[in-house]
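Let me begin by presenting the structure, written as structure tokens, before commenting on it.
Residue numbers (our numbering): 135 to 285.
Here is the structure:
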């Protein structure tokens, strides 16, 4: 599995072994165009033999979608479709704060915090699910928007 903490500037990445026992942060991806992001992520997926994606949704304190959560959901769906991998979406509310506390990364701008947050997302997913599901090309929320293109 490959976990992604999708931000506007960087995507934190984390992977796990085939048995889902060991979770490791991977170098964060500095975002460019969707095509360039996909090229990099495709290589990561091939090298690591990724079987599915876990994408965090930054829901608010009440579990409601935020503007960024909608962006992350759409971006995750587009990646899953392009990479032909199933997708699991998990609530990442406060994951960056928790990762900063756990790893002493407050104020980090190098991408280490993003990947530490992706590690926490993957640990959460391994413990609680949900099962990744195929993303249907007809999924309405997976439609391309102008805001997604620049991300």
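Note that beta-carbon positions come from the ideal geometry of N, C-alpha and C, so glycine has one too.
Query                                                                                                                                                              : Result
Counting pairs of Cβ atoms below 8 Å between the segment 194-201 and the segment 169-184, do you hit three or more?                                                : no
Can you give the Cα-Cα distance for residue 141 and residue 262, rounded to whole angstroms?                                                                       : 23 Å
Considering only residues of the same chain and omitting the five flanking positions on each side of residue 257, which have a CB-CB separation below 6 Å?         : 157
Going along the chain, which residues of its own chain have a beta-carbon closer than 8 Å to the beta-carbon of residue 289, five neighbours each way excluded?    : Beyond the ends of the chain as shown, which are 135 and 285, falls residue 289; an answer cannot be given.
Since residue 153 and residue 136 should fall inside the 8 Å C-beta cutoff, what is the C-beta to C-beta distance between them, to a whole number of angstroms?    : Not confirmed; about 15 Å, so no contact.
Quick check on residue 173: buried or exposed, where buried means 16 or more other Cβ atoms within 10 Å of its Cβ?                                                 : exposed
Counting contacts by CB-CB distance shorter than 9 Å, is residue 207 in contact with chain D?                                                                      : Here chain D cannot be found, since the structure has a single protein chain.
Helix, strand or coil: which one does DSSP assign to residue 257?                                                                                                  : helix
Leaving out five residues on either side along the sequence, give the residues of the same chain with a beta carbon under 7 Å from the beta carbon of residue 151. : none
Which of helix, strand or coil does DSSP assign to residue 147?                                                                                                    : strand
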